[in-house]
Structure formats: C-alpha cells, structure tokens
Amino acid sequence: IHTTIPLHRRIMENSEFRAAQFDTKFMERFLAEGKELVVGQR
58 IHTTIPLHRR IMENSEFRAA QFDTKFMERF LAEGKELVVG QR
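Under my numbering, think of the first position of the sequence shown as 58, with each following residue one higher.
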C-alpha cells in the first residue's frame, strides 16, 4: 500500500508550517523547494 506519510512528515517538519506562518500558496512553495517526494509503503 502506497501512503503519503513521508510527505506529511516533511510538512510537519517545515519551520514555516510549524510556526503557523503559511497561506494558500504554502504547498506550491513547499513543493517547489525541489526536495524529492518519496512514496511510502506500508
């Protein structure tokens, strides 16, 4: 089973997200950082 857990962990580790300093463009900026998205398996 593929999961999005790795993506959610990266989001939770993001300092902008943790400080509640995000807006509707957060995901666009977050994904543009160029970090590889890893699909988790369960």
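Cβ coordinates follow ideal geometry from the N, Cα and C atoms, glycine included.
Limits of the unbroken alpha helix (DSSP H) element including Ile68: In the DSSP assignment, Ile68 falls within the alpha helix (DSSP H) that extends over Ile62 to Glu70.
Alpha-carbon spacing of Arg75 relative to Met69, whole angstroms: Arg75 and Met69 have their C-alpha atoms roughly 7 Å apart.
Beta-carbon proximity list for Phe83, same chain, < 8 Å, skipping 5 on both sides: Excluding sequence neighbours, Phe83 sits near Glu73 and Phe74.
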